[in-house]
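What follows is a single structure, written as structure tokens, with notes after it.
Numbering (the UniProt record's numbering), first residue to last: 1 to 442.
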């Protein structure tokens with residue numbers, strides 16, 4: 001394996017002296033970095049750095065734009081957001097900042113390699129530090145995306161539990177599975193980072209004089225990391241999309257029962273409820289599409305990581321790694337920023353009054369009926385909620401007026417019955433809007 005082949009792998013695995021030593025050796029025989037007019041004398045490392053700078057340059061501006069946009073949107077809408085929305089947006093901003101920092105370090109490093117006059121020890125040390133920062137940042141943003149997926153899974157599973165799509169026991173088991181998967185991924189990526197640091201210390205400390213002797217271990221570690229990233233991505237994608245399937249199935253069942261009731265009872269006024277359920281399905285469909293988009297973005301990144309060990313065969317395969325990860329990250333961050341709008345639609349569609357949902361049906365009607373009227377002191381005045389006029393006014397002066405008052409209250413009793421019937425229908429409709437849960441806070 002040539003020194004140029006080792007260079008790309010080393011730049012990701014650890015600040016290995018193996019790749020850097022080859023550069024130092026070349027500095028004795030290779031003239032200073034040529035100009036564009038003398039490109040035929042460029043080393044493979046310089047050509048590779050130039051290609052990375054050109055292909056990643058547009059994403060440098062895209063990630064900075066996404067970071068600024070996410071901060072501006074959060075600053076403008078933070079007063080309207082609820083707890084889960086705050087958490088999701090803050091995690092999105094952290095991810096955008098992390099990715100932007102990584103690409104900035106990469107661009108500075110690659111362009112530094114291209115523009116440096118000759119290879120000297122000062123630049124080698126600088127390149128080593130940049131490479132170390134990039135590896136730590138990459139490991140973190142990989143796990144941070146899994147953390148965001150776990151957060152969304154928890155929110156949607158909580159919604160499924162509140163709506164009855166899953167039982168309490170199912171919710172507890174799934175939450176435990178999500179936590180175990182998340183902690184397992186954290187332990188794995190932390191172990192991988194620690195192993196790279198230890199190998200780097202052994203080489204840089206002179207304990208291992210021949211860095212090529214551990215190149216196989218480096219490749220094995222990174223291949224394992226790539227496989228585990230793919231496995232964790234598939235697991236969280238399954239967890240997240242199960243919730244959307246459960247919620248959609250629950251909505252379809254509600255629509256089916258409503259249509260059966262409308263067919264059995266022609267006079268049953270359920271058209272408005274049917275429209276509400278259909279609106280819910282539309283809002284949920286948008287959210288499910290975004291869930292699928294997040295999963296595809298992670299899968300694209302995990303496939304891109306395969307090109308890092310493959311670059312040992314041909315150095316320029318590393319460009320495919322940057323292409324896949326950059327595109328996947330742009331999709332992931334953009335979806336996380338824009339997911340706020342469909343979530344707000346779902347919030348409006350799936351919200352219900354928690355007090356009504358927790359009270360018995362009879363108590364609900366009684367509370368609604370009592371809240372819809374007001375007895376004024378000194379008058380027998382009935383004020384119907386939402387009405388701009390007084391139904392009846394009769395001053396109470398003496399017992400002799402009680403008979404006349406009872407007669408005059410007869411129309412009011414009928415009005416009260418009509419109001420109670422309407423309130424009862426509204427209460428039934430409210431009970432059917434049972435799918436708010438925790439999602440109303442996202």
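The beta carbon of each residue, even a glycine, is placed where N, CA and C say it ideally should be.
Environment of residue i [buried if 16+ CB atoms lie within 10 Å]
i           : result
residue 246 : buried
residue 238 : exposed
residue 336 : buried
residue 162 : buried
residue 280 : buried
residue 103 : buried
residue 282 : exposed
residue 110 : buried
residue 70  : buried
residue 215 : buried
residue 134 : buried
residue 321 : buried
residue 338 : exposed
residue 287 : buried
residue 169 : exposed
residue 254 : buried
residue 106 : buried
residue 65  : exposed
residue 186 : exposed
residue 221 : buried
residue 52  : buried
residue 190 : exposed
residue 199 : buried
Coil, strand or helix - residue i by DSSP
i           : result
residue 231 : helix
residue 311 : coil
residue 165 : coil
residue 138 : helix
residue 199 : helix
residue 80  : coil
residue 171 : helix
residue 306 : coil
residue 207 : coil
residue 29  : With a pLDDT of only 42 at residue 29, under the threshold of 50, the placement of this residue in the model should not be trusted, and no figure is reported.
residue 11  : Low confidence applies here, because residue 11 scores a pLDDT of 48, under 50, leaving its location unreliable and the question unanswered by this model.
residue 252 : helix
CB of residue i within 9 angstroms of CB of residue j, strictly
i           : j           : result
residue 248 : residue 155 : no
residue 309 : residue 197 : no
residue 74  : residue 87  : no
residue 331 : residue 293 : yes
residue 232 : residue 184 : yes
residue 329 : residue 63  : yes
residue 172 : residue 165 : no
residue 96  : residue 50  : no
residue 306 : residue 226 : yes
residue 179 : residue 157 : no
residue 291 : residue 324 : no
residue 234 : residue 299 : yes
residue 333 : residue 92  : yes
residue 99  : residue 141 : yes
residue 148 : residue 188 : no
residue 319 : residue 59  : no
residue 241 : residue 295 : yes
residue 284 : residue 48  : no
residue 136 : residue 193 : yes
residue 101 : residue 236 : no
Near the ligand HEM: residue i beta-carbon under 8 angstroms from a heavy atom
i           : result
residue 147 : Summarising the ligand content, the structure contains no ligands, and the ligand HEM is consequently not present.
Bounding residues of the alpha helix (DSSP H) (the contiguous stretch that carries residue i)
i           : result
residue 329 : 318 to 338
Short CB-CB distance (under 9 angstroms) between residue i and chain D
i           : result
residue 296 : Chain labels in this structure do not include chain D; a single protein chain is all it has.
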